[in-house]
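*Asks:*
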Amino acid sequence: MGALIPVIFTTWMTVSLINGSINSLWFYFIILIIGLLLLLEQWDQGRKSLKKKHEKELEKMQAHDLN
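According to full-length UniProt numbering, the sequence shown is numbered sequentially starting from 1.
#1: Whole angstroms is fine: what's the gap from residue 118's alpha carbon to L25's?
#2: Mapping DSSP to helix, strand and coil, what is M1?
#3: Taking the alpha-carbon positions, what's the S21 to L40 distance?
#4: Could you tell me whether the segment 3-10 touches the segment 26-37, where touching means 3 or more Cβ pairs closer than 8 Å?
#5: What is the residue span of the alpha helix (DSSP H) that G35 lies within?
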């Protein structure tokens, strides 16, 4: 999913540019860059959250091993 959503977004923006829904090339690039940066930020937050969950689970497993 992390790679699929940006590809879909880029494809949608490019098709909109070709079809004439987006008239300015500058607007296309600005929206594309902002959109991809937002998606990248969400992906990064998700990875950090997953890493935190894995670390907590590892700590639980190590605590059970000590008992």
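Note that CB positions come from ideal geometry on N, CA and C, so glycine has one too.
*Replies:* Per the coordinate set shown:
#1: For residue 118 there is no data in the structure shown, the boundaries of the chain being 1 and 67.
#2: coil
#3: 25 Å
#4: yes
#5: L25 to L66
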